[in-house]
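In my numbering, the protein residues as written are 1 to 514.
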């Protein structure tokens with residue numbers, strides 16, 4: 001009876017093994033879709049329309065209906081404000097340029113004039129750069145970042161700067177964006193999708209994934225470059241002089257001599273000003289403008305200032321949303337009076353002031369604005385200061401208050417110090433050398449006054465009077481008294497134990513003699 005039961009168990013096992021083998025053979029010999037064949041646009045082609053139709057032919061020997069996903073393979077090269085990175089065909093990455101925040105990812109903070117490999121064995125499928133950090137996407141959907149980690153932008157759960165790539169702290173996959181889908185495509189037929197609203201004169205990378213219900217086939221990465229649209233009319237603007245400052249505003253009139261009907265490059269026709277006091281905008285002040293047809297969140301917009309009278313060198317804008325027909329106008333203004341600065345709690349001597357006007361860009365759609373500027377060494381030395389004393393201040397839109405911006409010393413040459421500052425938006429700015437210093441006790445000593453609200457660099461305003469002194473030394477006295485009391489208690493306990501031990505010895509000696 002037992003043998004029959006065992007034989008039945010073994011028969012069931014053989015049956016299960018046989019079924020498993022059949023399933024395995026079916027999986028092995030099931031036909032997967034063939035690699036898609038590119039129809040259009042041809043790989044490497046140029047002059048493609050801004051809304052191209054992507055077309056491939058899909059085949060499957062089992063003649064299954066197939067679903068096709070079209071993927072946007074993010075650009076294979078990325079640039080930050082001061083560094084660049086390239087993605088190699090084998091998935092490794094190389095970076096070069098400025099490395100103050102270790103955004104090169106080679107384990108150092110040394111500037112690199114030539115490309116160096118990013119210090120990781122992982123293989124990237126795309127890479128993107130920001131002002132002070134870089135991120136790469138891996139084929140399994142995970143991501144790695146390196147460089148500056150302020151506000152936790154590396155995503156590794158810390159705010160520690162990283163000179164080598166670290167994984168973004170999430171189990172979610174971060175796939176390339178989907179362009180479109182085509183479902184139930186018959187064997188041998190074409191799958192299509194329209195990739196709309198591309199930018200002119202740019203190279204785009206794309207690929208496809210074909211799924212027949214059982215197996216997957218992935219295409220290579222194809223690329224094409226869109227057409228550069230020739231403008232039918234070129235704007236040519238001429239403007240009148242700025243009007244007299246009235247009510248805090250002055251205006252001018254600008255006319256397009258070609259009458260194009262567009263305003264992409266139209267200069268600003270109004271700006272704020274200040275009457276009297278040497279702190280306003282006057283006619284003939286150096287001005288420089290730049291415009292963009294489109295700014296997207298994934299591609300920071302840059303404006304280089306070439307006017308030698310304006311000591312701004314570059315502005316980089318990252319937006320939170322797509323902005324169309326945007327422009328910036330930078331105008332140098334008169335150096336602001338010291339009295340105006342002191343009212344706004346700015347302690348120092350001003351080097352240069354300027355105003356930035358915008359079109360299409362607001363503080364609400366700015367994620368970050370990087371303002372790069374330079375200061376003459378001779379001026380700093382004349383003020384008996386050093387490069388670390390330089391700060392950029394931004395005037396608030398309302399009132400006469402100023403906000404100090406995070407300012408970083410970048411480099412120097414024979415004549416200038418170079419700096420970079422981060423701003424949440426645009427208005428009036430002033431470059432200031434700080435005249436306040438701290439003595440050895442961290443007490444604020446400033447020409448404006450010893451008030452804690454305007455002590456820079458974490459200084460503490462000087463405290464005076466008997467009660468302030470009592471308050472300062474109160475806790476020190478408490479700690480001292482506690483230490484003394486504890487010492488006395490310990491001495492008392494030890495003394496008491498010593499007497500008990502002595503008495504015990506005497507008793508033992510007495511019993512021994514007795």
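All C-beta atoms in this analysis are idealised placements derived from N, C-alpha and C, irrespective of residue type, glycine included.
Member of the options whose CA lies at the smallest distance from the CA of residue i
i	options	result
residue 252	235, 270, 260, 237	270
residue 215	331, 350, 33, 434	33
residue 83	356, 56, 59, 113	113
residue 389	359, 363, 356, 349	349
residue 180	322, 392, 212, 55	55
residue 426	434, 327, 412	327
residue 186	62, 503, 430	62
residue 226	42, 483, 329	42
residue 49	182, 164, 202	202
residue 359	372, 352, 329, 333	329
residue 306	324, 321, 223, 286	286
residue 334	407, 429, 321	429
residue 221	213, 208, 212, 233	208
residue 407	484, 371, 218	371
residue 353	45, 126, 431	431
residue 319	366, 219, 177	366
Residue i, DSSP secondary structure in three states
i	result
residue 130	coil
residue 480	helix
residue 431	strand
residue 150	helix
residue 122	coil
residue 266	coil
residue 47	strand
residue 160	coil
residue 227	coil
residue 516	A query on residue 516 cannot be resolved here, the shown segment of the chain reaching from 1 to 514 and no further.
residue 379	helix
residue 487	helix
residue 466	Residue confidence for residue 466 is low, a pLDDT of 44 falling below 50, so the modelled location carries little weight; the figure read from the coordinates is stated next. Looking at residue 466 - three-state DSSP - the assignment turns out to be helix.
residue 503	helix
residue 42	coil
residue 516	No information on residue 516 is available, as it lies outside the stretch 1 to 514 that the chain covers here.
residue 509	helix
residue 389	helix
residue 371	strand
residue 67	strand
residue 419	strand
residue 137	strand
residue 98	coil
For residue j and residue i, the rounded distance between their alpha carbons
i	j	result
residue 102	residue 383	33 Å
residue 132	residue 65	47 Å
residue 200	residue 267	23 Å
residue 87	residue 69	24 Å
residue 97	residue 160	21 Å
residue 206	residue 424	35 Å
residue 289	residue 129	26 Å
residue 108	residue 414	26 Å
residue 93	residue 115	9 Å
residue 72	residue 118	24 Å
residue 36	residue 124	23 Å
residue 135	residue 312	29 Å
residue 433	residue 308	21 Å
residue 191	residue 182	6 Å
residue 516	residue 364	Given a span of 1 to 514 for the chain in the structure shown, any question on residue 516 remains unanswerable.
residue 369	residue 315	7 Å
residue 111	residue 104	8 Å
residue 297	residue 325	15 Å
residue 53	residue 196	8 Å
residue 255	residue 150	45 Å
residue 198	residue 158	36 Å
residue 356	residue 310	12 Å
residue 166	residue 91	16 Å
Buried/exposed call for residue i, threshold 16 Cβ in 10 Å
i	result
residue 375	buried
residue 386	exposed
residue 106	buried
residue 303	buried
residue 509	exposed
residue 143	buried
residue 58	buried
residue 60	buried
residue 169	exposed
residue 121	exposed
residue 300	buried
residue 323	buried
Any non-hydrogen atom of the ligand GTP within 7 Å of residue i CB
i	result
residue 213	The ligand content of the structure shown is nil, which means the ligand GTP is not present either.
For a minimum of 3 consecutive residues, which ranges assigned as the beta strand (DSSP E) are wholly contained in the segment 288-343? 301-304, 312-319, 323-333
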